[in-house]
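Chemist: Be aware that the sequence shown starts at 33, since it is given in the numbering used here, and climbs by one per residue. All C-beta atoms, glycine included, are put in the ideal place defined by N, C-alpha and C. Predicted model only: the values in this text are computed from it and were never measured. For reference, the structure I am asking about is given below.
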Amino acid sequence: MNNQVDSKSEVNALSQYTVIMVDDELNILQTLKRCFSREKFRVICANSGAEGLKLVADTANVAVIVSDQRMPGMNGSEFLTRSREFAPDAIRMLLTGYSDIETTVAAMNEGGATHYIGKPWEETMLLQTVGGCVMQYHLNMENRRQQEIINQQNAELRELLSQRTQQNCKLEQMASTDALTGLTNRRRFLESLENERSRTERNGGALSLIMFDIDHFKKVNDTWGHAVGDKVLCEIAREMQLFLRKADSAARYGGEEFVILLPETELPGAALIANRLRQMVADTVITQDQGPPVAVTISIGIASLELDESGEKLLIRADQAMYRAKNNGRNRMELAS
Ligand SMILES: [Mg+2]
33 MNNQVDSKSE VNALSQYTVI MVDDELNILQ TLKRCFSREK FRVICANSGA EGLKLVADTA
93 NVAVIVSDQR MPGMNGSEFL TRSREFAPDA IRMLLTGYSD IETTVAAMNE GGATHYIGKP
153 WEETMLLQTV GGCVMQYHLN MENRRQQEII NQQNAELREL LSQRTQQNCK LEQMASTDAL
213 TGLTNRRRFL ESLENERSRT ERNGGALSLI MFDIDHFKKV NDTWGHAVGD KVLCEIAREM
273 QLFLRKADSA ARYGGEEFVI LLPETELPGA ALIANRLRQM VADTVITQDQ GPPVAVTISI
333 GIASLELDES GEKLLIRADQ AMYRAKNNGR NRMELAS
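As structure tokens, this is what we get:
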């Protein structure tokens with residue numbers, strides 16, 4: 033069998049395996065043992081199925097099990113079947129007379145034997161067949177080991193990928209969120225604006241923009257400190273979100289400046305929402321731990337997208353309307369011209 037082996041290490045690897053041979057005739061066992069005495073792998077023998085089972089159960093790395101079919105007590109097929117419990121991967125071989133061919137076929141089916149050698153055997157043939165089976169078992173085990181390594185590596189890669197995806201999601205969220213208010217930030221808002229603008233341009237329909245600014249916000253900060261100023265910003269962000277419909281998107285545009293994008297909304301609809309927001313903010317008082325409650329108002333500019341208008345131009349018109357609201361007395365809204 034050695035001429036079938038490519039590398040020296042594989043030949044050496046065979047020394048870890050055991051072949052178990054079972055026959056009820058002691059002289060056959062002796063012949064077998066002598067026949068395999070020069071092989072790398074170990075050969076151990078039993079002269080009954082029961083004894084063979086015990087050997088299989090007690091021996092590690094059983095690569096091949098060779099069994100006679102006709103034996104008193106437990107026949108070969110029963111022995112081979114029962115041996116599966118202890119050595120499920122071992123390669124099973126029947127050694128029996130040619131006259132028993134039908135019994136042998138049945139035994140091969142029931143016992144899971146994959147190889148068959150007739151008695152009397154030709155020694156070279158027997159050596160080659162058993163040796164080939166040991167090598168086959170070795171390759172099966174190697175393949176399984178490699179497959180397990182690959183599975184493990186794949187599992188690690190999947191885990192790594194999942195971590196990366198989570199990290200990326202988190203980074204993406206951080207990069208698009210205003211840390212103080214939790215609203216979308218300016219960068220992401222400008223992306224949404226561009227998306228909605230081109231969608232509106234393609235499909236027709238309306239797109240409106242509300243821009244507002246907290247009146248005298250600098251005074252809030254100067255009088256009560258930045259912590260109170262931050263509380264005001266957060267409260268307004270919270271109230272804004274009460275007005276949003278599913279498709280609307282609100283963002284903190286700058287320091288005390290906010291925007292709301294309203295898809296599928298004409299100017300009058302946007303004005304209705306803006307006025308409710310203005311009223312709600314005016315009715316709200318922000319409490320502080322030390323000092324009186326703080327009340328603020330907002331000034332609002334509203335614009336709707338015109339034909340072939342850029343997002344930038346829309347923002348400028350909303351901004352101009354907002355400044356008119358400031359100049360016209362604050363706590364009010366103006367429509368863009
Ligand atoms: Mg026999």
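Do Ala78 and Met53 come within 9 Å of each other at the CB atom, strictly closer than that value?
Modeler: Contact flag set, yes.
Chemist: Would you kindly report the start and end of the unbroken beta strand (DSSP E) that includes His258?
Modeler: Here His258 belongs to no beta strand (DSSP E); instead the alpha helix (DSSP H) covers His258 to Phe275.
Chemist: Using CA coordinates, which residue listed in Leu347, Gly301 and Thr255 is at the minimum distance from Ala327?
Modeler: If we check each option's Cα against that of Ala327, Thr255 comes out closest.
Chemist: Using a threshold of 8 Å, is the CB atom of Glu57 nearer than that to any non-hydrogen atom of ligand 1?
Modeler: The answer is yes for Glu57.
Chemist: Tell me the DSSP secondary structure of Lys72 in three-state form.
Modeler: Coil at Lys72, not helix or strand.
Chemist: Does Ser80 come out as helix, strand or coil in the three-state DSSP assignment?
Modeler: Residue state, collapsed to three classes: coil.
Chemist: For Met140, does the count of other Cβ atoms within 10 angstroms reach 16, so buried, or fall short, so exposed?
Modeler: It is buried - the Cβ of Met140 has at least 16 other Cβ atoms within 10 Å.
Chemist: With DSSP run on the structure shown, which of helix, strand or coil describes Met125?
Modeler: Strand.
Chemist: When the Cα atoms are used, what is the spatial distance from Asn253 to Val264?
Modeler: Using only the alpha carbons, I get a separation of about 10 Å.
Chemist: For Asn34 and Ser69, what's the separation of their Cα atoms in angstroms?
Modeler: Here the model assigns Asn34 a pLDDT of 44, short of 50, so the residue's position is not dependable, and the following value carries that caveat. Rounded to whole angstroms, Asn34 to Ser69 spans 14 Å at the Cα level.
Chemist: State the Cα-Cα distance for the pair Lys358 and Gln352, rounded to the nearest angstrom.
Modeler: Between Lys358 and Gln352, the C-alpha separation is close to 10 Å.
Chemist: Spatial neighbours of Val94 within its chain, please: C-beta separation below 7 Å, excluding the five flanking residues on both sides.
Modeler: Cβ neighbours of Val94 beyond the five flanking positions: Thr50, Ile52, Val88, Ala119 and Ala122.
Chemist: Could you check the C-alpha separation between Ala45 and His170 for me, to the nearest Å?
Modeler: When rounded, the distance between both Cα atoms is 8 Å.
Chemist: Just to confirm my understanding: we take Thr213, look at its own chain, exclude 5 residues before and 5 after, and list those with CB closer than 7 Å. What are they?
Modeler: Cβ neighbours of Thr213 beyond the five flanking positions: Leu265, Cys266, Ala269 and Arg284.
Chemist: Straight-line CA distance for Pro325 to Thr316?
Modeler: Their backbone Cα atoms lie some 10 Å apart in a straight line.
Chemist: Considering Cα atoms alone, identify which of Ser194, Ala138 and Glu117 is closest to Asn107.
Modeler: For Asn107, the nearest C-alpha among the options comes from Ala138.
Chemist: Count the other CB atoms, across all protein chains shown, that sit within 10 Å of the CB of Gln36; report buried if there are 16 or more and exposed otherwise.
Modeler: Caution applies to Gln36, whose pLDDT of 49 falls short of 50 and renders its modelled position unreliable; the value that the coordinates give is listed next. Exposed: under 16 other Cβ atoms inside 10 Å.
Chemist: Could you tell me the alpha carbon to alpha carbon distance between Arg356 and Ile246, rounded to whole angstroms?
Modeler: Distance between the alpha carbons of Arg356 and Ile246: 14 Å.
Chemist: For Glu42, which residues in the same chain have their Cβ closer than 8 Å to its Cβ, ignoring the five residues on either side in sequence?
Modeler: Excluding positions up to five away in sequence, the list reads Met167 and His170.
Chemist: Which same chain residues, not among the five before or five after Ser109, have their C-beta less than 6 Å away from its C-beta?
Modeler: Correct list, in chain order: Ala139, Glu142 and Gly143.
Chemist: What number of angstroms, rounded off, separates the C-alpha of His258 from the C-alpha of Leu239?
Modeler: Going from the Cα of His258 to the Cα of Leu239 covers about 35 Å.
Chemist: Flag this pair as yes or no: are the beta carbons of Thr91 and Ile76 separated by less than 9 Å?
Modeler: Against a cut-off of 9 Å, the Cβ pair of Ile76 and Thr91 comes out as a contact.
Chemist: Give me the Cα-Cα distance between Arg21 and Asn186, rounded to the nearest whole angstrom.
Modeler: One cannot answer for residue 21 here, as it falls past the ends of the chain, which runs 33 to 369.
Chemist: What do you get for Ser369, buried or exposed, if any count of 16 or more other CB atoms within 10 angstroms of its CB means buried?
Modeler: Label assigned to Ser369: exposed.
Chemist: Measure the Cβ-Cβ separation of Ala207 and Arg220 and say whether it is below 9 Å.
Modeler: Cβ distance < 9 Å, so Ala207 and Arg220 count as in contact.
Chemist: Just verifying my parser: in three-state terms, what is the DSSP assignment at His248?
Modeler: In this structure, His248 counts as coil in the three-state DSSP scheme.
Chemist: Could you tell me the boundaries of the alpha helix (DSSP H) in which Tyr355 lies?
Modeler: Here the alpha helix (DSSP H) through Tyr355 covers Gly343 to Asn359.
Chemist: Quick test of your reading: Ala306 and Ile332, contact by CB under 8 Å. State the CB separation rounded to the nearest angstrom.
Modeler: Yes, they are in contact, since the Cβ atoms of Ala306 and Ile332 sit about 5 Å apart, within 8 Å.
Chemist: Pick helix, strand or coil for Lys202, following the three-state DSSP scheme.
Modeler: Helix at Lys202.
Chemist: At 4 residues or longer, what runs of the alpha helix (DSSP H) sit wholly inside the region 204-228?
Modeler: Fully enclosed alpha helix (DSSP H) runs of 4 or longer: not present.
Chemist: At a threshold of 8 Å, does Gln62 count as lining ligand 1 (C-beta to nearest heavy atom)?
Modeler: No, since every heavy atom of ligand 1 falls outside the 8 Å radius drawn around the Cβ of Gln62.
Chemist: Between Asp100 and ligand 1, is there a pair consisting of the residue's CB and a ligand heavy atom that are separated by less than 8 Å?
Modeler: For ligand 1, at least one heavy atom lies less than 8 Å from the Cβ of Asp100.
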